[in-house]
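Student: Chains as they are written, first to last, in numbering that gives the first Met the number 0: chain A, 0 to 190; chain B, 0 to 190. Beta carbons: idealized from backbone N, C-alpha and C, even for Gly. All of these numbers come straight from a predicted model, not from anything done at the bench.
Number of protein chains: 2
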Amino acid sequence: MMSTKRDQIIETTCQLMEMQGYHATGLNQILAESGAPKGSLYYYFPKGKEELAIAAVEHTSRAIQGNINSVLTAVPEPAAAIKTFLTILAEKVAESGYQAGGPITAIALESASTNETLRETCHDAYQSWQDIFAQKLQTGGYSAAHAARLATLLIAAIEGAIILSRSARSPRPLQDVAQEIDLLLKCTHSG
Amino acid sequence: MMSTKRDQIIETTCQLMEMQGYHATGLNQILAESGAPKGSLYYYFPKGKEELAIAAVEHTSRAIQGNINSVLTAVPEPAAAIKTFLTILAEKVAESGYQAGGPITAIALESASTNETLRETCHDAYQSWQDIFAQKLQTGGYSAAHAARLATLLIAAIEGAIILSRSARSPRPLQDVAQEIDLLLKCTHSG
């Protein structure tokens, strides 16, 4: 199936770029690890590595949007939903042996000052995750402006705590963040 | 001066690894950009790139400890001191054209699952910054345990907001985080 080959290439790109970053990941390694023939890579991504990286970030972004949505939909109250999301995340990062988490962080960092198109794609991904949290917070009575600021803090704290947890090889930083964010939401709850 | 040559090599390493990460930075590039002769690199860092990266992270860590200490010492009240630190940080990141900030993030991410010694060095750096904020919070009346959790949230939110600000090319994420952290500290202030 042609669409399966395209997906394989994209998923391999996501994994390699999460582990190694953008610059260290070459097209030959993507070809070798995805098992796709060279022709199909250039057929689906004629512009090469940048086009592939953009597709990979967009693919990851949609997957994470799905994860966030499924947890936030399952738990009605915003503070409880956010606590549940962070608890599950801490478990997932630990279960991966602290290898996974923050799938676009390396690309976002590398592209921030070197590749404008890729930088914008990463920015759009972060914004899309923020918007989901902000909307959930608004259902709890926060104004649109306050919900947006809280959602920014959430995404920032999640990104940072994943780095700290991986670096400490411990779920503790993510758990501490979950506890303090919960305290903040209880303090400021206006509903 | 021999110590100046060593410093030059370390500072070049810090800059290159901040921009490109650990894997993408080679010894030849460090030599070329620092202007140091090959012999002096092997004289000061006989074990090569890993030893150099560890020295670079430790150097960066001490510099940041100095920055945090100088702001937190200048402003007596913890919440005000932390707000000042974040405001200055947002300005610095903007002034760098969104190129600087989060100097060890790329190394921490890359080393998390590939280099145990370097991972521990990054972890120690994060811990040292956290400890300074935690101590300041304790002077405001927080228990040691609560101050440690808040300091973890702070370091996580700062790390993450730098990535978001660089990716958005805007000081806004750092400013939003400053505002929400201030709210949290005012809500939970037990002094």
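Which word fits Asp123/B, buried or exposed, when buried means at least 16 other C-beta atoms lie within 10 angstroms of its C-beta?
Tutor: Exposed, since its Cβ has fewer than 16 Cβ neighbours within 10 Å.
Student: Which bits of chain B does Pro172/A rub up against, with CB to CB less than 7 Å?
Tutor: The contacting residues are Thr151, Ala155.
Student: Quick one: what's got a C-beta closer than 6 Å to Met0/B's C-beta in the same chain, skipping five residues either side?
Tutor: For Met0/B, the predicted model reports a pLDDT of 46, less than 50, meaning its position is unreliable; a value from the coordinates is still stated below. Within the same chain, Met0/B has no close Cβ partners at all.
Student: With DSSP collapsed to three states, give me the class of Met1/B.
Tutor: Confidence in Met1/B is poor, its pLDDT being 49 and thus under 50, which makes the residue's placement too unreliable to answer from.
Student: Compile a chain-ordered list of the residues in the region 123–153 of chain B whose CB is closer than 7 Å to at least one CB of chain A.
Tutor: Listed in sequence order: Tyr125, Arg148, Leu149, Thr151, Leu152.
Student: Consult DSSP for Val176/A and reduce its assignment to one of helix, strand or coil.
Tutor: Val176/A: helix per DSSP, three-state reduction.
Student: Suppose you measure from the CA of Cys186/B to the CA of Cys186/A; what does that come to, to the nearest Å?
Tutor: In a straight line, the C-alpha of Cys186/B is about 6 Å away from that of Cys186/A.
Student: Could you tell me which uninterrupted alpha helix (DSSP H) segments, each at least 4 residues in length, are contained entirely in the region 49–94 of chain B, listed from first to last along the chain?
Tutor: With a minimum length of 4 residues, the continuous alpha helix (DSSP H) runs that stay inside the region 49–94 of chain B are 77–94.
Student: So which residues of chain A does Tyr76/B contact, with C-beta pairs closer than 7 Å?
Tutor: Here the sequence assigns Glu to residue 76/B, which means Tyr is not the residue at that position. By Cβ distance, chain A contributes nothing, its closest Cβ being about 19 Å from Glu76/B, past 7 Å.
Student: With the cut-off set at 7 Å, would you say Gln174/A and Ala89/A are in Cβ contact?
Tutor: Their beta carbons are under 7 Å apart, which means Gln174/A touches Ala89/A by this criterion.
Student: For Gly190/B, would you say it is in contact with chain A, using Cβ-to-Cβ distances shorter than 7 Å as the test?
Tutor: Unreliable placement is indicated for Gly190/B, whose pLDDT of 41 sits below 50; the coordinate value is still reported in the next sentence. Output row for Gly190/B: interface = no.
Student: For Ser112/A, name the three-state secondary structure that DSSP assigns.
Tutor: Here Ser112/A sits in coil by DSSP.
Student: Using CA atoms only, rank isn't needed, just tell me which of Asn27/B, Ile63/B, Leu40/B, Glu17/B is closest to Thr3/B.
Tutor: For the residues Asn27/B, Ile63/B, Leu40/B, Glu17/B, the minimum Cα distance to Thr3/B belongs to Leu40/B.
Student: Consult DSSP for Ile103/A and reduce its assignment to one of helix, strand or coil.
Tutor: Three-state DSSP puts Ile103/A in coil, outside helix and strand.
Student: Could you pull the start and end residues of the alpha helix (DSSP H) that His191/B belongs to?
Tutor: Residue 191/B lies beyond the residue range present for chain B, which begins at 0 and ends at 190; the question has no answer from this structure.
Student: Starting from Ala73/B, find everything on chain A with Cβ-Cβ shorter than 7 Å and list it in chain order.
Tutor: By Cβ distance, chain A contributes nothing, its closest Cβ being about 25 Å from Ala73/B, past 7 Å.
Student: Alpha carbon to alpha carbon, how far is Ile81/A from Ile180/B? Give it in angstroms, no decimals.
Tutor: Rounded to whole angstroms, Ile180/B to Ile81/A spans 17 Å at the Cα level.
Student: Please report the Cβ distance between Glu119/A and His22/A, rounded to the nearest whole angstrom; I am assuming they are in contact, meaning their Cβ atoms lie under 8 Å.
Tutor: Contact doesn't hold; Cβ gap of about 18 Å is too wide.
Student: Quick one: grab the DSSP three-state call for Gln137/B.
Tutor: Helix, per DSSP.
Student: Could you check the C-alpha separation between Thr11/A and Gly20/A for me, to the nearest Å?
Tutor: Distance between the alpha carbons of Thr11/A and Gly20/A is about 13 Å.
Student: Chain A beta carbons: is any one of them nearer than 7 Å to that of Gly20/B?
Tutor: True, the Cβ-Cβ gap to chain A drops below 7 Å.
Student: So, using beta-carbon positions, are Glu17/A and Pro102/A closer together than 7 Å?
Tutor: Yes.
Student: I'd like to know if Arg165/B contacts chain A, where contact means its C-beta is closer than 7 Å to some C-beta of that chain.
Tutor: Output row for Arg165/B: interface = yes.
Student: Spell out a yes or no on whether the region 147–160 of chain B and the region 147–167 of chain A are touching, meaning 3 or more CB-CB pairs, one atom from each, closer than 8 Å.
Tutor: Flag = yes, the region 147–160 of chain B and the region 147–167 of chain A touch.
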